[in-house]
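> Dropping the structure in here first, questions after.
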Amino acid sequence: MAVCTRIKSKCPIFGDTRDLSNLVLPTYEDVMNNGKDPTVKKISEIVVTDVEKIWQKAYIPIVSHIRALQLLINYHDKLELPALALACDRTGISDRTAATIASAILQDVGIIKTDDKQHVIDRMKIRRERHKKRQDLKIQTDRQPKSLYFDGRKDHTFINQKTDDKYYCNKITEEHIKLIREPGSRFMGHCTPVNGTAISIKNSIISYLKTNDICTSKLSVIGCDGTVVNTGSEGGVIRLIEEQLNKPLQWVICQLHANELPLRHLFQHLDGKTSGPHGFSGALGKQLENCHKLPVKKFKPIKGNMLFLETAIDLSTDQKYLFDICVSIINGECSIDLARTNPGKQAHSRWLTTANRILRLYISTETLEKNLVTLTEFILKVQNISGKPFNFQDTYQKIIDPVIQRNAYFGVPENILLSMLVDDRMCIRELAIQKIFNLRLSKATRVRIFKVPLLNFDASDYTELVDWNKCEIT
């Protein structure tokens with residue numbers, strides 16, 4: 010049995026494949042017949058070259074090669090198929106299958122005829138339409154974000170300053186606010202407030218949204234770090250944005266910052282205040298600068314059960330170091346590779362690396378001080394949430410509890426309700442749904458003032474962290 014090759018095959022729509030005739034001017038049908046499955050990138054160049062040869066032989070003035078190629082591509086793409094592209098993505102069929110079905114339908118309804126094949130759809134047409142539709146949906150989603158996250162930092166910026174009749178380059182420090190949308194952590198842009206006040210930051214964010222025609226009608230979540238400029242209950246950035254939009258938003262406050270604050274306050278209570286952006290005033294803090302250069306000594310292990318960590322979990326270098334050295338202290342031995350690893354740069358803005366250096370100092374000290382042991386036990390059993398409870402002295406508890414209370418954004422009733430909705434216990438899920446239904450029956454007449462609720466530190470379950478009767482929920 011003879012093999013049916015591409016050259017010998019016959020297309021039911023295009024007919025037999027053949028070269029362009031050099032005796033007559035080519036028509037659109039002839040161009041489309043120059044191959045069974047023409048594509049813009051591979052076929053258009055060949056077709057335009059053949060057409061130009063025929064034009065030259067007929068003494069017809071022609072346009073440039075690039076212009077002719079552009080005209081052919083535009084003529085080929087003049088039919089738009091957004092609904093078909095959306096249906097293809099929903100059903101998951103291939104480009105070739107979609108092109109075959111679409112061309113067959115057009116043939117059945119009489120659009121494609123024996124003498125008129127210009128509306129035939131090929132697979133590359135489907136692919137381009139699908140890509141175009143995805144981009145349109147992407148742009149539409151970007152202009153109607155459901156969540157907005159922002160964070161600021163001071164950057165050095167070069168500007169041109171005019172002095173007399175000349176411009177001079179000068180470097181200044183500007184406050185830049187980065188805007189991110191979730192899910193996907195997609196960068197939206199940045200704005201430059203006049204200064205670092207809450208009103209100025211709010212005005213710059215609202216101005217950016219209006220300038221870029223970003224709709225806020227579907228915006229329901231806003232997030233940032235826990236500085237008072239952002240989270241002030243009356244004059245914070247989020248509160249001002251809520252008043253500008255005239256609706257409450259779901260507050261998502263970064264807890265990575267809040268997780269470091271108890272260690273910071275405990276360290277300052279035991280060792281004294283900091284001195285400068287990188288240094289410490291106490292004896293223990295001064296030893297942290299070069300602790301990674303000290304040899305590992307025989308140290309006393311500290312009992313504890315670390316949470317199971319999957320190997321595929323996404324951790325930063327500093328987080329991975331913290332986990333490894335915690336496991337080493339629990340097991341009572343430290344590997345050579347870990348001893349040679351740098352615990353991270355020391356800075357008061359990065360208390361995670363400070364925790365790394367405290368643990369690194371612990372395994373390099375033979376005569377342990379009480380403060381060093383206290384801080385090590387706190388990092389192992391409180392900050393990293395090991396399996397066994399850890400009872401602090403009342404003096405230390407009075408230092409840590411107020412810090413947790415001030416940054417207890419995780420205990421906001423709205424956040425607790427979201428956690429209850431995905432709880433493994435059906436009774437908890439039903440309770441959350443009932444509370445939400447009851448809240449929807451009463452419509453708020455004003456934008457509620459967001460305040461961190463008082464936490465119940467004696468709660469046995471996260472659903473008991475707050476007093477539901479005293480909390481305003483929206």
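According to my numbering, the sequence shown is numbered sequentially starting from 10.
The beta-carbon is built from N, C-alpha and C at its ideal position, and this holds for glycine as well.
1) Closer than 6 Å by C-beta to K6: which residues in its own chain qualify, once you throw out the five before and the five after it? Chain order, please.
2) Per DSSP, which one or two residues make a beta bridge with K282?
3) With a 10 Å radius around its C-beta and 16 neighbouring C-beta atoms as the bar for buried, classify C343 as buried or exposed.
4) What does T172 pair with, by DSSP beta-bridge criteria?
5) Is L93 closer than 8 Å to A113 when the C-beta atoms are compared?
6) Let me know the secondary structure DSSP gives C495 once reduced to three states.
7) Please state whether DSSP places D323 in a helix, a strand or coil.
8) Per DSSP, C200 forms a beta bridge with which residues?
9) Is it right to say P271 is buried, meaning 16 or more other beta carbons lie within 10 angstroms of its own, or is it exposed?
10) So what does DSSP say about A468, is it helix, strand or coil?
11) Examine the Cβ distances between the region 199-215 and the region 226-236 and report whether three or more of them are shorter than 8 Å.
12) Could you tell me the alpha carbon to alpha carbon distance between N380 and S358, rounded to whole angstroms?
13) How is the beta strand (DSSP E) around I262 delimited, first residue to last?
14) Once the 5 residues before and after Y217 are set aside, which same chain residues still bring their CB inside 6 Å of it?
15) For the region 334-341 against the region 402-411, do three or more pairs of beta-carbon atoms, one drawn from each stretch, fall closer than 8 Å, so that the two count as touching?
16) Taking the beta carbon of R349 as the centre, do at least 16 other beta carbons fall within 10 Å, making it buried, or is it exposed?
17) If you check the beta carbons only, do I135 and V129 fall under 8 Å apart?
18) So what does DSSP say about I442, is it helix, strand or coil?
19) Taking Cβ to Cβ, would you say I247 is nearer than 8 Å to L254?
20) What does DSSP give as the partner residues of L289 in its beta bridges?
21) Alpha helix (DSSP H) containing F387: first to last residue?
22) Is the separation between the beta-carbon of F466 and that of I372 shorter than 8 Å?
23) Comparing C-alpha positions only, which one of L368, L88 and Q153 sits nearest to C224?
24) With DSSP as the reference, please indicate the residues paired to D125 in a beta bridge.
25) For I437 versus T385, is the C-beta spacing smaller than 8 Å?
26) Excluding the 5 residues flanking L81 on each side, which residues of the same chain have their C-beta closer than 7 Å to its C-beta?
27) Quick one: measure Cβ to Cβ for E184 and G198, integer angstroms, because I've assumed they're closer than 8 Å.
28) Specify the secondary structure class of L448 as computed by DSSP and reduced to three states.
29) What residues in its chain sit with their C-beta under 8 Å from that of L88, if we drop five residues either side in the sequence?
30) Which residue wins for smallest C-alpha separation from V382, given the options I311, T363 and F159?
31) Near N478, what residues of its chain come up, given a Cβ to Cβ distance below 8 Å and the 5 sequence neighbours on each side ignored?
32) Just the Cα atoms here: how many angstroms apart are V421 and P462?
33) Between the alpha carbons of E439 and D323, how many angstroms are there, rounded?
34) Please confirm whether Y418 and W260 have their CB atoms less than 8 Å apart.
35) Can you name the start and end residues of the alpha helix (DSSP H) that K219 belongs to?
36) Can you tell me the Cα-Cα spacing of T123 and N221, whole angstroms?
Let me spell this out:
1) As displayed, the chain neither begins before 10 nor continues past 483, which places residue 6 out of reach and without an answer.
2) Mapped onto the sequence shown, residue 282 falls at position 273. Note: K282 sits in no beta bridge, so no partner.
3) Working through the sequence shown from its first residue, we reach residue 343 at position 334. The residue is buried, with at least 16 neighbouring Cβ atoms inside 10 Å.
4) Locating residue 172 in the sequence shown gives position 163, counting from the first residue. Beta bridge pairing from DSSP links T172 with K175.
5) To locate residue 113, count along the sequence shown from 1; it is residue 104. To locate residue 93, count along the sequence shown from 1; it is residue 84. When the beta-carbon positions are compared, A113 and L93 stay at least 8 Å from each other.
6) The chain is shown only over 10 to 483; residue 495 falls outside these bounds and no answer can be derived.
7) Translated into the one-based positions of the sequence shown, residue 323 becomes position 314. Residue state, collapsed to three classes: coil.
8) The residue given as residue 200 occupies position 191 in the sequence shown. Note: C200 sits in a beta bridge opposite I186.
9) Counting from one through the sequence shown, the residue named residue 271 turns up at place 262. It counts as buried.
10) Residue mapping note: residue 468 aligns to position 459 of the sequence shown, counting from 1. The answer is coil: DSSP assigns A468 none of H, G, I, E or B.
11) They do not touch, by the three-pair rule.
12) Taking the first residue of the sequence shown as 1, we reach residue 380 at position 371. Taking the first residue of the sequence shown as 1, we reach residue 358 at position 349. Answer to the nearest angstrom: the Cα atoms are 22 Å apart.
13) The residue labelled residue 262 in the question sits at position 253 within the sequence shown. For I262, the enclosing beta strand (DSSP E) has its first and last residue at Q259 to I262.
14) In the sequence shown, residue 217 corresponds to position 208, counting from 1. Cβ within range, chain order: C200.
15) At 8 Å Cβ cutoff, the stretches do not touch.
16) The residue labelled residue 349 in the question sits at position 340 within the sequence shown. By the C-beta density criterion, R349 is exposed, having fewer than 16 other C-beta atoms within 10 angstroms.
17) To locate residue 135, count along the sequence shown from 1; it is residue 126. To locate residue 129, count along the sequence shown from 1; it is residue 120. Result no, Cβ atoms of I135 and V129 do not sit closer than 8 Å.
18) The count along the sequence shown starts at 1 and reaches residue 442 at position 433. Three-state DSSP puts I442 in a helix.
19) Counted from its first residue, the sequence shown places residue 247 at position 238. Counted from its first residue, the sequence shown places residue 254 at position 245. No. Outside cutoff.
20) Numbered from its first residue, the sequence shown carries residue 289 at position 280. In the sequence as displayed, the identity of residue 289 is Phe instead of Leu. T283, per the DSSP bridge assignment.
21) If you number the sequence shown from 1, residue 387 lands on position 378. Counting along the chain, the alpha helix (DSSP H) containing F387 begins and ends at K379 to F387.
22) Counting from one through the sequence shown, the residue named residue 466 turns up at place 457. Counting from one through the sequence shown, the residue named residue 372 turns up at place 363. No, these two residues do not count as a Cβ contact at 8 Å.
23) The count along the sequence shown starts at 1 and reaches residue 224 at position 215. Sorting L368, L88 and Q153 by C-alpha distance to the C-alpha of C224 places Q153 at the top.
24) Indexing the sequence shown from 1 puts residue 125 at position 116. K122, per the DSSP bridge assignment.
25) For the purposes of this step, residue 437 is identified with residue 428 of the sequence shown, where counting begins at 1. For the purposes of this step, residue 385 is identified with residue 376 of the sequence shown, where counting begins at 1. Not a contact, by the Cβ cut-off of 8 Å.
26) Counting from one through the sequence shown, the residue named residue 81 turns up at place 72. Apart from sequence neighbours up to five positions away, the residues of its chain that approach L81 with a beta-carbon distance below 7 Å are S53, V56 and V57, ordered along the chain.
27) Along the sequence shown, read from residue 1 onward, the residue named residue 184 stands at position 175. Along the sequence shown, read from residue 1 onward, the residue named residue 198 stands at position 189. By a beta-carbon distance limit of 8 Å, E184 does not contact G198. Their separation comes to about 15 Å.
28) As a working mapping, residue 448 is identified with position 439 in the sequence shown. Of the three classes helix, strand and coil, the one that applies to L448 here is helix, per DSSP.
29) One-based indexing of the sequence shown puts residue 88 at position 79. Counting only Cβ-Cβ distances below 8 Å, and skipping sequence neighbours, we find H128, I130 and K134.
30) For the purposes of this step, residue 382 is taken as the residue at position 373 of the sequence shown. Looking from the CA of V382, the closest CA among I311, T363 and F159 belongs to I311.
31) Walking along the sequence shown from the start, residue 478 turns up at place 469. Taken in chain order, the list of residues that qualify is empty.
32) Position 412 of the sequence shown, counted from the first residue, corresponds to residue 421. Position 453 of the sequence shown, counted from the first residue, corresponds to residue 462. Going from the Cα of V421 to the Cα of P462 covers about 6 Å.
33) Counting from 1 along the sequence shown, the entry for residue 439 is found at position 430. Counting from 1 along the sequence shown, the entry for residue 323 is found at position 314. The alpha-carbon atoms of E439 and D323 are separated by roughly 33 Å.
34) As a position in the sequence shown, residue 418 is number 409, starting the count at 1. As a position in the sequence shown, residue 260 is number 251, starting the count at 1. For Y418 and W260, yes; Cβs fall inside 8 Å.
35) As a first step, residue 219 is located in the sequence shown; it is residue number 210 there, counting from the start. Per DSSP, K219 belongs to the alpha helix (DSSP H) from A207 to T220.
36) Taking the first residue of the sequence shown as 1, we reach residue 123 at position 114. Taking the first residue of the sequence shown as 1, we reach residue 221 at position 212. T123 and N221 have their C-alpha atoms some 49 Å from each other.
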